[in-house]
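Numbering (the UniProt record's numbering), first residue to last: 1 to 112.
Every residue, glycine too, gets a C-beta built ideally from N, C-alpha and C.
As the structure is a prediction and not an experimental result, all values here were calculated from the model.
Worksheet: one structure, shown below.
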């Protein structure tokens with residue numbers, strides 16, 4: 001019936017909104033992790049920074065920022081790129097794409 005279709009459509013809309021919130025949270029937290037760990041090391045680049053090795057100046061410049069290509073988790077979602085494209089300021093390599101309040105809301109589950 002049309003009532004069932006309306007209920008299903010409403011449920012779909014709720015799920016799509018939840019997906020967007022979850023993807024945004026992953027994107028924000030991933031960016032925060034990459035930015036905080038870029039100098040000392042992380043799961044993607046290794047932990048050479050902790051070993052106290054002297055890096056060349058080119059390597060130092062390279063490790064002081066992360067690239068959008070480093071986003072392993074948010075890039076694994078089929079729909080995450082749509083969310084990133086729709087978010088103002090996102091996709092500007094080396095930034096987690098928001099201020100601390102946005103990251104805290106993302107970490108705490110958004111505006112629920």
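CB residue i to CB residue j, shorter than 8 angstroms?
i          : j          : result
residue 44 : residue 72 : yes
Would you kindly report the start and end of the unbroken alpha helix (DSSP H) that includes residue i?
i          : result
residue 42 : Premise fails: residue 42 is in no alpha helix (DSSP H) and is neither H nor E.
residue 70 : Looking at the DSSP string, residue 70 is not in any alpha helix (DSSP H), and its letter there is neither H nor E.
residue 4  : 2-37
Give me the Cα-Cα distance between residue i and residue j, rounded to the nearest whole angstrom.
i          : j          : result
residue 39 : residue 4  : 54 angstroms
residue 49 : residue 24 : 29 angstroms
residue 1  : residue 7  : 10 angstroms
residue 26 : residue 12 : 21 angstroms
residue 41 : residue 14 : 38 angstroms
Between residue i and chain B, is there a C-beta pair that is closer than 8 angstroms?
i          : result
residue 65 : In the displayed structure, chain B is absent; only one protein chain is listed.
Quick one: using the 10 Å Cβ neighbour count with 16 as the cut-off for buried, is residue i buried or exposed?
i          : result
residue 34 : buried
residue 80 : buried
residue 31 : buried
residue 17 : exposed
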